[in-house]
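Student: Quick note: the working numbering has the sequence shown finishing at residue 729, numbered continuously throughout.
Think of the CB as a built atom: it goes at the ideal place given N, C-alpha and C, for glycine as much as any other residue.
Being a predicted model, the structure only gives us computed values, none of them experimental.
The structure follows.
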Amino acid sequence: MVSRTIPVDCFDLVLFGATGDLAARKILPSLYRRFLAGQMPEDARIIGAARSEMDDQGFRDLVSKALKEFVSKGKRDADTIDAFLAQCHYITIDATGDAGWSQLKGMMRDGVVKAFYFSVAPSLFGALAERLRGHGIACEDSRLVVEKPFGTDLATAKQLNADLAASFDEHQVYRIDHFLGKETVQNLMAVRFANVLFEPLWNERYIDHVQITVAETVGVEGRGAYYDKSGAMRDMVQNHLMQLLCLTAMEPPTRFEPDMLRDEKLKVIHALDPMAPSDIVRGQYKAGEQASYVEHAENPESRTESFIALKVGISNWRWKGVPFYLRTGKRMSRRLSEIVVQFKETPHSIFEREGHVPANALTIRLQPDEGMDLSMTIKEPGPGGMRLVNVPLDMTFADALGPDGEEIPDAYERLIMDVIRGNQTLFMRGDEVEAAWAWTDPIIKGWVERRAQPYKYAQGTSGPEEALALMHRDGRRWRDLTEE
Ligand code: NAP
């Protein structure tokens, strides 16, 4: 199989927050894996930046420790790690201070891609952007990468956008939503728009409903205090689930170009119906194998949701009357992220005597085992007459690539390389983020005003019973989380 790794241009990537958790867990290991794949040019540099005092060697020790912890053993080769570390440098800098900036300017090279990754608290974005511009470190074609959360409501998101816009153009800003970097998410677009099969059926005439699930088995332990100010709606729905909904529901863009795609996603957000309280179920996990949510959050009075299920309507020609059911939660029975497009039943069944013919469903799985399957009804093989059986046409990407295929890169690997290539397709635009908050804000405001209490649910389940009822009352059911 021909290698699909295309080297990128030489770059200087300044990683603010280089001593932090995300850098160790995701960003540095992803850069290392791209280095290992031969994608990182020999003279590209990663310049770590944070307040901690250390020299290049101190930073290399830190990176080496992170790689040991977060890169699988089979991928850790001493010579390769040494070569990678030689490309790592460090500078001590305080985002809110004045020291260190002229030194950073002196380190930057002309004629290479300059990228600045803000893996720090969003409250520092404005200060960093201002100093990078003010000290002449960033230029017209430099790129800024910013992490989630991008605001906690519309007002804060607008402020962050304004802070960045004061120093940088929108075409320079890369807002990360790592769900968009998943292989499956891009494949959803390929399947929809590169095949003639699905698009004619992709509408209210043939689709009964869509369900999007992002279920986690972990709780909020360790980050309870932070999470308690956020909750599932802000932490997951406003960004990740919203992006999945948009990619499933959007119209075909004229071309596969960043702004054309993002225009189409934005139109979907604008077409979302306002939410009625009866279409929202919020939950909070009870004490079980582990402590309860309120204990983890260290707030016995907390009304924050660790689970949410919503029935969302889209008012446009394609989707009128087709509900999109979204759910996400912590401490659920299984770790699973998937989109299920449930088609309608055939208008008339000629197989009445052979029993019920289940409708087709296209499942797009983001984790685990990225892939897609289409459930089809066929005749059971053999001489036993016309017996029908429902089988999945399975396309697990890792298998489809074949034994000598490359491993699917982590979302962060793809997204960071896209930044270096200058491709914004898989990043959120400022107006998209604001529109998503404009839809989310009144929902949150509603339950705050009503002092709505979340339903309690047992750990290791599918969430509260009321979430099941949200679909049952429409004669539908959630995909069983225990089903393979
Ligand atoms: P963290 O572990 O607290 O790290 C924060 C980093 O910022 C450290 O390197 C810290 O280093 C640096 N820093 C703090 N104040 C600074 C200042 N005034 N000037 C320069 N550097 C400063 O946080 P994190 O978990 O890595 O998260 C970073 C960002 O990513 C946050 O916005 C977070 O919401 C987001 N995020 C994190 C995760 C995750 O899994 N961790 C996932 C998604 C998004 P010094 O103390 O040495 O300055």
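#1: Thinking just about the alpha-carbon of each residue, which of D398, V357, T573, L517 is nearest to the one in G464?
#2: The beta strand (DSSP E) that contains A606, what's its start and end?
#3: Where does I688 sit, in a helix, a strand or coil, going by DSSP?
#4: Secondary structure at P637, three-state DSSP: helix, strand or coil?
#5: Output the residue ranges of the beta strand (DSSP E) runs that lie fully inside the region 414–485 and measure 3 residues or longer, sorted by chain position.
#6: If the criterion is Cβ atoms closer than 9 Å, does the pair A360 and L442 meet it?
#7: Alpha carbon to alpha carbon, how far is R554 from L713?
#8: Tell me whether L267, by its Cβ, gets closer than 8 Å to a heavy atom of ligand 1.
#9: Would you decide whether Y471 is buried or exposed? Buried here means 16 or more other CB atoms lie within 10 Å of its CB.
#10: For the alpha helix (DSSP H) that I382 lies in, which residues bound it at each end?
#11: L349: which of L377, V567, E496, P286 sits nearest, CA to CA?
#12: With respect to the beta strand (DSSP E) encompassing D257, which residues constitute its N-terminal and C-terminal limits?
#13: In chain order, what residues of the same chain have a beta carbon less than 8 Å from the beta carbon of A477, not counting five sequence neighbours either side?
#14: With H, G and I counted as helix, E and B as strand and the rest as coil, what does DSSP make of F363?
#15: Go ahead and pull the three-state DSSP assignment for G293.
#16: Just list the residues that DSSP pairs I559 with in beta bridges.
#17: Within 10 angstroms of the Cβ of S560, are there 16 or more other Cβ atoms? Answer buried if so, exposed if not.
#18: I need the straight-line Cα distance from Q302 to Y335, nearest angstrom please.
#19: Out of A295, E314, G381, A323, point me to the one whose CA is closest to G342's CA.
#20: Spatial neighbours of D254 within its chain, please: C-beta separation below 6 Å, excluding the five flanking residues on both sides.
#21: Using 10 angstroms around the beta-carbon of S275, count the other beta-carbons present and answer buried if the total reaches 16, otherwise exposed.
#22: Say the cut is 8 Å; is the CB of S297 nearer than that to a heavy atom of ligand 1?
#23: Should Q698 be labelled buried (16 or more other beta-carbon atoms within 10 Å of its own) or exposed?
Tutor: Short version:
#1: T573
#2: 606–612
#3: helix
#4: strand
#5: 418–420, 452–460
#6: no
#7: A quick correction: the sequence has Ala, not Arg, at residue 554. One C-alpha to the other measures close to 9 Å.
#8: yes
#9: exposed
#10: No alpha helix (DSSP H) holds I382; DSSP gives it neither H nor E.
#11: L377
#12: 256–261
#13: R527, E550, S551, F552, I553, T573, G574, K575
#14: strand
#15: strand
#16: L517
#17: exposed
#18: 8 Å
#19: A295
#20: V358
#21: buried
#22: yes
#23: exposed
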